[in-house]
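Inspection log for the structure reproduced underneath, given as structure tokens.
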Amino acid sequence: MGSRGGAVAPAVALPRDVAAALAAAVGSAWLLTDPTALHAYACDGLTGWRALPRAVVLPASTDETAAVVTILAAHGIPFVARGAGTGLSGGALPVAEGVVIGLARMRAILRVDLDDERVTAQPGVTNLAVSEAVAALGYRYAPDPSSRQVCTIGGNVAENSGGAHCLKLGFTTHHVVGATLVLADGQVVELGGTALDPAGYDLLGAVVGSEGTLGIVTEVVLRVIPLPPAVRTLVAAFEAIDAAGEAVSAIIAEGVTPAAMELMDRTALSAVEAAVHPGYPSGAAVLLVEVEGPDRRCAEEAEQVIACCRAAGATACRIAAGEGEAARYWRGRRAAFAAMGRISPHYYVQDGVIPRTRLAEVLQAIRRLEEEHGLRVANVFHAGDGNLHPLVCFDGTRPGEAERAEEVATRILDACLAVGGSLTGEHGIGRDKVCQVPKQFTVADQMAMHRLRTAFDPAGLCNPGKLLPTPRLCGEAPGIYRPHPTELRGVADRW
-2 MGSRGGAVAP AVALPRDVAA ALAAAVGSAW LLTDPTALHA YACDGLTGWR
48 ALPRAVVLPA STDETAAVVT ILAAHGIPFV ARGAGTGLSG GALPVAEGVV
98 IGLARMRAIL RVDLDDERVT AQPGVTNLAV SEAVAALGYR YAPDPSSRQV
148 CTIGGNVAEN SGGAHCLKLG FTTHHVVGAT LVLADGQVVE LGGTALDPAG
198 YDLLGAVVGS EGTLGIVTEV VLRVIPLPPA VRTLVAAFEA IDAAGEAVSA
248 IIAEGVTPAA MELMDRTALS AVEAAVHPGY PSGAAVLLVE VEGPDRRCAE
298 EAEQVIACCR AAGATACRIA AGEGEAARYW RGRRAAFAAM GRISPHYYVQ
348 DGVIPRTRLA EVLQAIRRLE EEHGLRVANV FHAGDGNLHP LVCFDGTRPG
398 EAERAEEVAT RILDACLAVG GSLTGEHGIG RDKVCQVPKQ FTVADQMAMH
448 RLRTAFDPAG LCNPGKLLPT PRLCGEAPGI YRPHPTELRG VADRW
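So the sequence shown is numbered by this note's numbering: it starts at -2 and just counts up by one.
Here it is as structure tokens:
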């Protein structure tokens, strides 16, 4: 199921008949079995967990994907779907006894239908490419993770990604209206359609955010929306991050719902300024706010935001002078994770969610953890919806620091749960946080999710070891649902 860091054991080779069948399904050039090539797929963006798959298969269509899954299912071989590998929870971590099904070749935009405001895309299309395909026609795709230029639609669907503009415009689940899904036995089904609210059970809603555990999405029907008539981008600097948090709550209380509201602390700002020079005003924290809509309303909301920031103690408030300056401000925010390499050789990213009103309390808890463990934490937030992205800085060459960083990251999530928050906002549970699931979900909750998963994948082959805890994964950790082998047809024991 993958191991922490270090060298990974070589995988057992596929049986010759299976390898031959897979090569016939996709073409021999698209079946990778060389150990050197397999190392490129040993992890996703969370590099601390690694495993070598037995092979990597790269289909180019729904039919090829279905053929591959059918072959693997017939031989009881588990598989993991992978997009660009930018995930940060180990969701695309290979299974050592399984196969990776890479979707990178499936990168076509199949249809653009602006009469219905729909775009149909394959899973390997990058997030940004969807907006670029319709921008000249006055439209955009609203979800926009910071990695939008490289992360793919398939991965966005798996994790229910959000991004900076999810506060006002919603997450991936609000913009996916249909999907083609290859089930774990190779059957192909269509979920949803072009309508926003089709009849029947919301199976599409179950698939979005299921972290690749219910099947492989090979086509997605996306809702695109018109570009706003006007946009204002503002930055405000504060001498205390708590004051910036107060400004966030005040803006929402004022009745303003910004399109985006992002917060960075001094540690993150120092890295960003060194890396991309966005030119933010100096302070212990910077709040980046974007409002959009009709020009008059946009101007009014910008003034309301400035008034709230000043009332909370902002030392500087600035409206971007034009698109160039606004783009520079956003470039700084989107570069925050990558920029951390300027100040730390390694970092551990977390993804907890809290009520906005508890921001100051959780920040204080994070500061105490910094002092207790002697590690710096850079804080980057989707502040409007309470999605924290603390980056725990450490040096992996120093004995014990990686373990201390993991402990800090885990305790940050504990602090989020203690105030009524969640383990994840958009990065997912994956392998990284699977053993913490019982802290948020009861045994009954887990039982319901296990049964849903089994309904889609009774053989337990689709991305095993992710999302739901089992004794095999988590030992005797308290609160784990332990199904009787006959209850779920033996599936859970294999996970």
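All residues carry an ideal CB built from backbone N, CA and C; glycine is no exception.
- A196 and G175 have their C-alpha atoms some 13 Å from each other.
- In the structure shown, the three-state DSSP call for P475 is coil.
- In this chain, the alpha helix (DSSP H) harbouring F453 covers V440 to F453.
- Contact between L465 and V434 is confirmed by a C-beta separation of about 7 Å, below the 8 Å threshold.
- The alpha-carbon of L266 is positioned some 17 Å away from that of I363.
- Judged by their CB atoms, A402 and V389 are nearer to each other than the 8 Å cut-off.
- Only exposed fits P475, as fewer than 16 other CB atoms lie within 10 angstroms of its CB.
- CA-CA distance, T44 to A299, rounds to 41 Å.
- Counting the other CB atoms within 10 Å of its CB gives H274 a total below 16, which places it among the exposed residues.
- Ranked by how close their Cα comes to the Cα of G319, the residues M337, R353, R263 and V228 have V228 in first place.
- Per DSSP, E423 lies in no beta strand (DSSP E) and is assigned neither H nor E.
- In the structure shown, the three-state DSSP call for L69 is helix.
- Per DSSP, reduced to three states, the secondary structure at H386 is strand.
- In the displayed model, G290 falls within a strand according to three-state DSSP.
- Burial check for V65: the Cβ neighbour count within 10 Å reaches 16 or more, so the residue is buried.
- Judged by DSSP in its simplified three-state form, Y38 adopts helix.
- Within the same chain, Cβ atoms closer than 6 Å to the Cβ of G393 are found at H343 and A399, the five residues on either side in sequence being excluded.
- For R79, the enclosing beta strand (DSSP E) starts and ends at F76 to R79.
- Exposure of H36 is indicated by the presence of fewer than 16 other C-beta atoms within 10 angstroms of its C-beta.
- Taking V97 as reference, the option from V127, A133 and D41 with the minimal CA-CA separation is D41.
- L43 is bridged by DSSP to nothing; it lacks a bridge partner.
- Between P226 and D292, the C-beta spacing is below 8 Å.
- Scanning the segment 151 to 195 from its first residue to its last, the whole beta strand (DSSP E) runs of 3-plus residues come out as 173 to 179 and 185 to 189.
- Annotated as proximal: G427 and G88, with beta-carbon spacing under 8 Å.
- Collapsing the DSSP output to three states places M103 in coil.
- Cβ neighbours of Q437 within its own chain (closer than 8 Å, five residues either side excluded): L414, S419 and L420.
- For T264, the closest alpha carbon among the candidates A241, A240, A336 and E243 is that of A336.
- Taking C-beta atoms as the reference points, P461 and R479 fail to come closer than 8 Å.
- Rounded to the nearest whole angstrom, the CA to CA distance from Q443 to G425 is 16 Å.
- Rounded to the nearest angstrom, the gap between the Cα atoms of Y138 and T83 is 19 Å.
- A Cβ-Cβ distance of about 15 Å is found for the pair T67 and T177, leaving them out of contact under the 8 Å criterion.
- Here C471 is not near T210, since their CB atoms are 8 Å or more apart.
- Classified as buried, V346 has 16 or more neighbouring CB atoms from the shown chains inside 10 Å of its CB.
- In the three-state reduction of the DSSP assignment, H274 falls in the coil class.
- The bridge partners DSSP lists for A133 come to none.
- In summary, H172 is buried, with 16 or more beta-carbon neighbours lying within 10 Å of its beta-carbon over all protein chains present.
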